[in-house]
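Asker:
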Amino acid sequence: MTVRIVPSILSADFAKLGDEVAMCEAGGADWIHIDVMDGCFVPNLTYGAKVIDTVRRCTSLPLDVHLMVVEPEKYFDDFVRAGANGLTLHAEVAPHLHRQLTRIRELGCRAGVALNPATPLNAVCEVIPEIDLLLIMTVNPGFGGQEFIPYSIDKIRRARLMLDEEGSQAALEVDGGISRETINEVWSAGADTFVAGNAIFSARDPKGEIAAMRASCGVPA
Ligand code: DX5
Ligand code: ZN
Numbered sequence: 001m002t003v004r005i006v007p008s009i010l011s012a013d014f015a016k017l018g019d020e021v022a023m024c025e026a027g028g029a030d031w032i033h034i035d036v037m038d039g040c041f042v043p044n045l046t047y048g049a050k051v052i053d054t055v056r057r058c059t060s061l062p063l064d065v066h067l068m069v070v071e072p073e074k075y076f077d078d079f080v081r082a083g084a085n086g087l088t089l090h091a092e093v094a095p096h097l098h099r100q101l102t103r104i105r106e107l108g109c110r111a112g113v114a115l116n117p118a119t120p121l122n123a124v125c126e127v128i129p130e131i132d133l134l135l136i137m138t139v140n141p142g143f144g145g146q147e148f149i150p151y152s153i154d155k156i157r158r159a160r161l162m163l164d165e166e167g168s169q170a171a172l173e174v175d176g177g178i179s180r181e182t183i184n185e186v187w188s189a190g191a192d193t194f195v196a197g198n199a200i201f202s203a204r205d206p207k208g209e210i211a212a213m214r215a216s217c218g219v220p221a
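Following our numbering, the numbering of the sequence shown begins with 1 at its first residue and continues without gaps.
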């Protein structure tokens, strides 16, 4: 069974970003998660193509870019050029999901859709064949270090059923409050891809934390 551990650099020490990313790679991380925030879709600002390009030079791991921005299509080309391997946009700001997902695939990227905790699964049910990744937010997006919302478990279970019923091979990713304490229940509900920021970067031993998260799913490191 697939377990992808995906450190979010939002909680990394940016004074030594290259070292932080290298440490994640050495610790067995599967992808690196890059949170792009525009201060409009979410009440916080982060970074864009420059940081994607910087991380690209530090690792050969796939870069999983989470677009918490309005008008995400404005950034597709630049971010792919900078080295993104997956682009995930939010259904809440994407009235033309079919067109946007098709464009991401045309650019040779994994096409992902994210849903806020309050957004129902049926926001994506018509475009499942166009999706390579479904991201269920397990906190309200915008900040690292928030607490996992417990009722997300049932939504993940229903998302798993929805993807399976459609015969979709899409990754089922979760993001927000994932730690060695919360990961097992999320994994048991059917998620296979686990973003974690605070749990990894605030740990005394981040590599050990990645291994512990994987072990919590019953999968050897
Ligand atoms: C939150 C971001 C997350 C964040 C997760 O809006 O999308 O990727 O980094 O951080 P933790 O694991 O600290 O909840
Ligand atoms: Zn994220």
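Think of the CB as a built atom: it goes at the ideal place given N, C-alpha and C, for glycine as much as any other residue. For clarity, every value in this text was computed on a predicted model and none was experimentally measured.
Which residues does DSSP pair with residue 194 in a beta bridge?
Answerer: 5, 174, per the DSSP bridge assignment.
Asker: If we ignore side chains and look at the alpha-carbon of each, how far apart do residue 3 and residue 43 end up?
Answerer: Cα to Cα, residue 3 sits roughly 31 Å from residue 43.
Asker: Specify the secondary structure class of residue 157 as computed by DSSP and reduced to three states.
Answerer: Three-state result, residue 157: helix.
Asker: Out of 57, 136, 85, 83, state which residue places its alpha-carbon closest to the alpha-carbon of residue 91.
Answerer: Selected option, being the one with the closest Cα: 136.
Asker: Count the other CB atoms within 10 Å of the CB of residue 63; is the residue buried (16 or more) or exposed (fewer)?
Answerer: With 16 or more other Cβ atoms within 10 Å, it is buried.
Asker: Can you give me the start and stop residues for the alpha helix (DSSP H) that residue 63 sits inside?
Answerer: Unbroken run through residue 63 is the beta strand (DSSP E), 63 to 68; no alpha helix (DSSP H).
Asker: Could you compute how far the alpha carbon of residue 224 sits from the alpha carbon of residue 144?
Answerer: This structure gives no information on residue 224, because the portion of the chain shown stretches from 1 to 221.
Asker: State the DSSP-derived secondary structure class of residue 87, mapped to helix, strand or coil.
Answerer: Three-state result, residue 87: strand.
Asker: Any chance you could list the residues with Cβ under 5 Å from a heavy atom of the ligand ZN, keeping chain order?
Answerer: Selection output, chain order preserved: 35, 66, 175.
Asker: CB residue 172 to CB residue 156, shorter than 9 Å?
Answerer: It is a contact, given that the beta carbons lie within the stated cut-off.
Asker: Identify the continuous alpha helix (DSSP H) that holds residue 104 and give its terminal residues.
Answerer: It spans 97 to 106 - the alpha helix (DSSP H) in which residue 104 sits, taken as one unbroken run.
Asker: With a CB to CB cut of under 8 Å and the five nearest residues on each side skipped, what residues in its chain are close to residue 22?
Answerer: If we look at residue 22 and ignore the five residues flanking it on each side, its Cβ neighbours are 58, 59.
Asker: Could you tell me the alpha carbon to alpha carbon distance between residue 70 and residue 127, rounded to whole angstroms?
Answerer: Whole-angstrom Cα-Cα distance: 20 Å.
Asker: In whole angstroms, what is the alpha-carbon distance linking residue 141 and residue 220?
Answerer: Those two C-alpha atoms are separated by around 30 Å.
Asker: Are the segment 165 to 182 and the segment 71 to 85 in contact at 8 Å, needing three or more beta carbon pairs?
Answerer: Touching, no, given that fewer than three Cβ pairs across the two stretches are closer than 8 Å.
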